[in-house]
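Numbered continuously in the numbering used here, the first sequence closes out at residue 1569.
Ideal placement from N, C-alpha and C gives every residue a C-beta, glycine not left out.
Predicted model only: the values in this text are computed from it and were never measured.
Structure, as structure tokens:
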Amino acid sequence: MTPALLADLVRAAASDVLARRGLDAAALPQDMGVERPRNPEHGDYATNIALRAAKKAGVAPRELATWLADELATRDGIASAEIAGPGFINLRLAADAQGGIVADILATGAAFGNGDEYAGRNVNLEFVSANPTGPLHLGGTRWAATGDALGRVLSARGAKVTREYYFNDTGGQITRFVRSLVAAAEGEPVPEDGYGGDYIAEIAAQVLAVEPGALTSPERDEIFRRVGVGLMFDEIKADLHAFGTDFDVWFHEQSLHDSGAVEAAVERLKASNNLYFADGAWWLRSSEFGDDKDRPVIKSDGQPAYIAGDIAYFLDKRARGFDLCIYMLGADHHGYTGRLKAAAAALGDDPAVVEVLIGQLVNLVADGKPVRMSKRAGNVVTMEDLVDAVGVDAARYSLIRSSVDSPLDVDLDLLTRRSNDNPVFYVQYAHARLASLARNAADLGLTPGREFGLLVHPREGDLIRTLGEFPAVVASAAELREPHRVARYLETLASAYHKFYDACRVLPMGDEAVTELHRARLALCVAARQVLANGLAMLGVSAPERM
RNA sequence: GCCCCCGUAGCUCAGGGGAUAGAGCACCGCCCUCCGGAGGCGGUGGCGUAGGUUCGAAUCCUACCGGGGGCACCA
């Protein structure tokens, strides 16, 4: 019996009990269910339904709990139901009913953990979107890992997800990038406000290799812009691909200007009287839609402001049929939330379609002290540096496993020197152990059994119940946009497996006869391996056969 | 001044109102006659402060303290 089925059973039983007593079954709160108590003495599962429903039902919590426990004890699959504390009901399942989870996993395979709450939702997930003026650094790498994992999690729960990267390939930062390239090509120092990393000289050299006459051409800046930015695109795309993060759409801001989409968006806002002219500029009445202040959309020099592109981009996303537009941004862009939602509202759209996830910044740490990354000082840590140091799996995992709400400290020396400390290896090791076990079982001709009622060891029960949690973990990771929950769950699962392995012999020893217990345990192992593999896949981390 | 995020074990971090707050690393002590010791078992050690809501608060609310990031006709 899965936790979800058990929760349904508890709710149904509670509803029956209330109805039988002439009480309103509508008193049952929706947001309650069963959970696994910390203390194993409190049962396999516990429910607080009596506590939650007592007040509305007009009954003392323990009295309601008593009625409900009596009712639950009569239901199939429930071995015992006991009242505890202020009105908890502690449940124990019959071993064969609980083992049904294993059968479920074996039948569902790679789809175990999937769900359909987001079926029909068409989600645009925009992340990374770093400016094409340099290689991806640690910040972008964090979004590359967590954004990709979020996309996988949402897909697993039924959403149609389009991963999108927005290249800001126009505007002031591109102008400075081009000036820097030209200066490097001419052997001049880094211009004021320019970019100074070693990669600038390398790209400048590559531009000259492609276009030998670039420096003397009247189209010099245009050539450096076109070729140089193109090379930057290629490098970013290649880095992301090597990192295991692939995008469905690479969107170029410039295309919105070229197609007239920006102009059309501005005209539309003017026509609906959501722009006004003041001080030589056109302003969006964003403060009327919840933003802190009004924002210039057309600057007084007649050029569109950055937000003009954003507005056109949002309209483009909506025109492509997305009903949820998620933006993953760094903490230094948190001010965008208000204006993006205000822009959506000004366009007559529902601001809830815009969802901005703000992630805290990544800091570089050395010897326990923060290091300020500076391209000039040459201590910028790139995605490539991190992957070179620890590998893709460890890099992705360490970036995903904490909440994006918390700032992340990366100590590259520590990671390099002691990469085995990364919990990813703990999880992967569990999978490799299971793969090894499967090979040995195959050699012995042992096949998985189905007599799950034999799995009565406490470590077996823990492992089965932990496996049963996976779908709910994925569902909450999707709902809360917190893929780190999957990583933390996998650590719990790996731990439950290692404990089981330590206490419960799976394969027959020596010339010992094969029993149904051996075969049932093997089935449990197959299920555990499946869930570990499913979870790791959701993080974009490999599930190795051997390590 | 205003806005966002954070403050949990020596360190890095989990804990979306539940019972005795967890993991990894670090430190101390144990466990290999056979399935992978990259493992298991035990120990040391913690919710920034003060109020409030609740049967129940690390979790929700308020104030304060401390840290990070924002508050452009830059992107």
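Spatial distance of His1453 from Ser1308 (CA atoms): 52 angstroms
Burial state of Lys1077 (16 or more Cβ within 10 Å): exposed
Segments of 4+ residues assigned as alpha helix (DSSP H) that fall wholly inside the region 1148-1208: 1160-1178 and 1194-1207
8 angstroms Cβ cutoff met for Ala1079 and Leu1086: yes
Buried or exposed by the 16-neighbour rule on C-beta atoms within 10 Å, applied to Pro1234: exposed
Helix, strand or coil at Tyr1067 according to DSSP, with G and I counted as helix: strand
Closest residue to Phe1255 among Gly1312, His1274 and Val1548 (Cα-Cα distance): His1274
Pick from Ala1119, Leu1408 and Ala1041 that is closest to Thr1438, judged by C-alpha positions: Leu1408
Between the CA atoms of Ala1374 and Val1032 - distance to the nearest angstrom: 34 angstroms
Integer-rounded CB distance, given that Arg1317 should sit under 8 angstroms from Trp1305: 7 angstroms
Short Cβ contact (8 angstroms threshold) for Arg1481 with Ala1549: no
First through last residue of the beta strand (DSSP E) which encompasses Asn1385: Val1384 to Ala1388
Within 8 angstroms, strictly: CB atoms of Ala1116 and Ile1105: no
Where Val1432 falls: helix, strand or coil (DSSP): strand
Test item: CB-CB of Gly1193 and Ser1202 under 8 angstroms: no
Spatial distance of Val1403 from Tyr1067 (CA atoms): 46 angstroms
Nearest neighbour of Met1350, chosen from Ile1100, Val1376, Gly1343 and Arg1114 [CA to CA]: Val1376
Cβ pair count under 8 angstroms reaching 3, the region 1533-1546 against the region 1422-1435: no
3 or more residues per run - each beta strand (DSSP E) lying fully within the region 1229-1279: 1271-1274
For Asp1345 and Arg1143, believed in contact at Cβ under 8 angstroms, the rounded distance: 6 angstroms
Where Met1531 falls: helix, strand or coil (DSSP): coil
Backbone secondary structure at Asn1061 - three-state DSSP: coil
Backbone CA spacing between Ala1119 and Ala1041 [nearest angstrom]: 27 angstroms
Beta-carbon contacts of Arg1510 that lie in its chain and below 8 angstroms, excluding the five residues immediately before and after: Arg1423
Helix, strand or coil at Phe1299 [DSSP, three-state]: strand
Rounded Cβ spacing between Arg1247 and Val1200 (contact assumed at less than 8 angstroms): 5 angstroms
Alpha-carbon to alpha-carbon, Glu1538 and Ala1048: 46 angstroms
Inter-residue spacing [alpha-carbon to alpha-carbon] between Asn1007 and Val1229: Because the chain in this structure spans residues 1023 to 1569, residue 1007 falls outside the shown range and cannot be described.
Segment contact, 8 angstroms Cβ cut-off, at least three pairs: the region 1207-1226 with the region 1174-1188: no
Reduced DSSP category for Ser1281 - H, G, I as helix; E, B as strand; rest coil: coil
Rounded distance between the beta-carbons of Asp1170 and Met1405, thought under 8 angstroms: Not confirmed; about 13 angstroms, so no contact.
Contacts around Ser1181, its chain only, beta-carbon distance under 6 angstroms, and the 5 residues preceding and following it disregarded: Residue 1181 is actually Ala in this sequence, not Ser. So the list reads Tyr1140, Arg1143 and Val1145, once near-sequence residues are dropped.
Among Gly1532, Leu1512, His1540 and His1159, nearest to Ala1565 - alpha-carbon criterion: Leu1512
Supposed close pair Arg1418, Ala1132 - CB separation, criterion 8 angstroms: Arg1418 to Ala1132, Cβ: 20 angstroms. No contact.
Uninterrupted beta strand (DSSP E) stretches inside the region 1298-1353 (no shorter than 3 residues): 1303-1306, 1317-1320 and 1346-1352
First through last residue of the alpha helix (DSSP H) which encompasses Leu1489: Pro1480 to Glu1501
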